[in-house]
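Visitor: What the sequence shown shows, in the numbering used here, is residues 73 to 375, in sequence order.
Beta carbons are placed, not taken as given, at the ideal position from N, Cα and C, and that holds for glycine.
Sending over a structure as structure tokens; questions will come in a sec.
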Amino acid sequence: MTTRGPLMEAGLTLRFWGVRGSTCASGPEFVEFGGHTPCVEVRCGERLFVIDAGTGINALGAHHRDRLPQRVDLLLSHLHLDHVGGLPFLKPAVLDPTREIHTWCGNLDGQSAAEPLDRLFSPPLFPITLDMFPARFVHHGFRAGESLTFPDGAVVDTIPLQHPQGATGYRFRHGGRTACYISDLEHSEPWPDPALLDFVRGSDLVVYDGMFTQGEYPSCRGWGHSTWQKGVELCQAGEVGRLAIVHLYPQHTDALLRELEVQMQAEMPGAFVARERQEISFTAVTAAESPRRRRAARIAAMA
Numbered sequence: 073m074t075t076r077g078p079l080m081e082a083g084l085t086l087r088f089w090g091v092r093g094s095t096c097a098s099g100p101e102f103v104e105f106g107g108h109t110p111c112v113e114v115r116c117g118e119r120l121f122v123i124d125a126g127t128g129i130n131a132l133g134a135h136h137r138d139r140l141p142q143r144v145d146l147l148l149s150h151l152h153l154d155h156v157g158g159l160p161f162l163k164p165a166v167l168d169p170t171r172e173i174h175t176w177c178g179n180l181d182g183q184s185a186a187e188p189l190d191r192l193f194s195p196p197l198f199p200i201t202l203d204m205f206p207a208r209f210v211h212h213g214f215r216a217g218e219s220l221t222f223p224d225g226a227v228v229d230t231i232p233l234q235h236p237q238g239a240t241g242y243r244f245r246h247g248g249r250t251a252c253y254i255s256d257l258e259h260s261e262p263w264p265d266p267a268l269l270d271f272v273r274g275s276d277l278v279v280y281d282g283m284f285t286q287g288e289y290p291s292c293r294g295w296g297h298s299t300w301q302k303g304v305e306l307c308q309a310g311e312v313g314r315l316a317i318v319h320l321y322p323q324h325t326d327a328l329l330r331e332l333e334v335q336m337q338a339e340m341p342g343a344f345v346a347r348e349r350q351e352i353s354f355t356a357v358t359a360a361e362s363p364r365r366r367r368a369a370r371i372a373a374m375a
């Protein structure tokens with residue numbers, strides 16, 4: 073990590089390592105968008121955060137290898153299997169005794185994920201327990217809606233999301249840029265929800281749960297997921313620059329997702345369906361760029 077200043081030397085970058093929801097997708101018709109379950113890398117300058125530990129976290133670890141920091145902060149949206157099932161496969165972090173994996177969980181009324189993860193990763197469901205790994209796991213609990221402050225001074229804001237057993241959304245601010253991760257979420261009626269609208273307002277990017285099409289959603293009401301149309305409505309109301317759709321339905325093929333992306337971009341040109349390993353970066357805002365100019369740029373991206 074650079075020592076030239078407290079987290080302010082570079083911009084804000086996100087990279088998608090897993091974008092499917094519920095379960096993996098595999099086969100020739102699932103190549104372009106990928107088949108791994110949720111995992112997103114967030115870089116605030118050189119500062120790394122990882123969101124969710126679906127099967128995509130294996131690809132993240134394999135790509136970075138020994139370039140991962142000694143401390144990895146893993147922000148969990150919630151603990152359903154598609155968001156934690158890849159945790160024991162984060163190499164080399166789980167193979168290096170000098171590394172610490174810090175999990176952060178906000179949907180258990182202040183309790184950490186230690187007890188449910190210990191139940192999941194133990195016989196007969198899993199051959200060993202997490203405390204048998206060389207890396208050290210440290211679990212933190214909080215209540216969604218609180219801001220998280222880390223030892224190096226980094227701050228991440230959170231918000232509770234409507235999902236079975238609850239979920240947590242995250243907001244990252246760095247270098248004058250803002251990105252929000254809003255998954256898993258079922259949209260409310262009326263929409264947009266005022267608290268969520270305030271949370272995402274003016275962001276450069278919102279990563280949003282668009283698991284279902286409008287035709288599929290009525291049969292899946294109450295499952296805790298949304299549509300790209302509701303993501304567009306939220307972002308347009310909040311003057312958000314770009315929208316990325318994630319938590320893709322595992323049976324939605326590349327051809328269908330391309331078609332949905334074209335429809336979405338007709339409503340919001342800066343929007344896209346996230347692809348595995350895709351990276352999106354926002355350069356740090358200079359002092360000469362006024363808030364009015366930044367706002368105008370966001371509106372232009374939506375036009």
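Which partner residues does Trp176 have in the DSSP bridge list?
Guide: Its beta-bridge partners are Leu147 and His212.
Visitor: Could you compute how far the alpha carbon of Thr358 sits from the alpha carbon of Ala343?
Guide: Near 25 angstroms, if we compare the C-alpha coordinates of Ala343 and Thr358.
Visitor: Do Gly238 and Leu180 have their C-beta atoms closer together than 9 angstroms?
Guide: A contact, by the Cβ cut-off of 9 angstroms.
Visitor: From Tyr280, Phe244 and Leu148, pick the residue whose C-alpha is nearest to that of Gly225; which is it?
Guide: Checked all of Tyr280, Phe244 and Leu148; the closest Cα to Gly225 is Phe244.
Visitor: My output table needs one value for Tyr242: the three-state DSSP class, helix, strand or coil.
Guide: Three-state result, Tyr242: strand.
Visitor: Taking the alpha-carbon of Asp138 as reference, which of His155, Leu151, Val166 and Val114 has the nearest alpha-carbon?
Guide: Cα-wise, what sits closest to Asp138 is Val166.
Visitor: Have a look at Ser291, Thr285 and Cys292 and flag the residue whose alpha-carbon is nearest the alpha-carbon of Lys302.
Guide: For Lys302, the nearest C-alpha among the options comes from Thr285.
Visitor: What do you get for Val334, buried or exposed, if any count of 16 or more other CB atoms within 10 angstroms of its CB means buried?
Guide: When all chains shown are included, Val334 counts as exposed.
Visitor: Count the other CB atoms, across all protein chains shown, that sit within 10 Å of the CB of Ser298; report buried if there are 16 or more and exposed otherwise.
Guide: The residue is buried, with at least 16 neighbouring Cβ atoms inside 10 Å.
Visitor: Taking Cβ positions, are Thr85 and Ser353 nearer each other than 9 angstroms?
Guide: Yes; because the gap between Cβ atoms is below 9 angstroms, this pair is in contact.
Visitor: Give the list of continuous beta strand (DSSP E) stretches no shorter than 3 residues that lie fully inside the region 78-165.
Guide: DSSP runs (the beta strand (DSSP E)) wholly in the region 78-165: 84-90, 111-116, 119-123 and 143-148.
Visitor: Would you check if the distance between the CB atom of Leu328 and the CB atom of Pro264 is smaller than 9 angstroms?
Guide: Going by C-beta atoms, Leu328 is not nearer than 9 angstroms to Pro264.
Visitor: Return yes when the Cβ of Asp276 is within less than 9 angstroms of the Cβ of Leu257, no when it is not.
Guide: Cβ distance not < 9 angstroms, so Leu257 and Asp276 don't count as in contact.
Visitor: Between Asp154 and Cys177, what straight-line distance do the alpha-carbon atoms span, to the nearest angstrom?
Guide: For Asp154 and Cys177, the distance between alpha carbons rounds to 15 angstroms.
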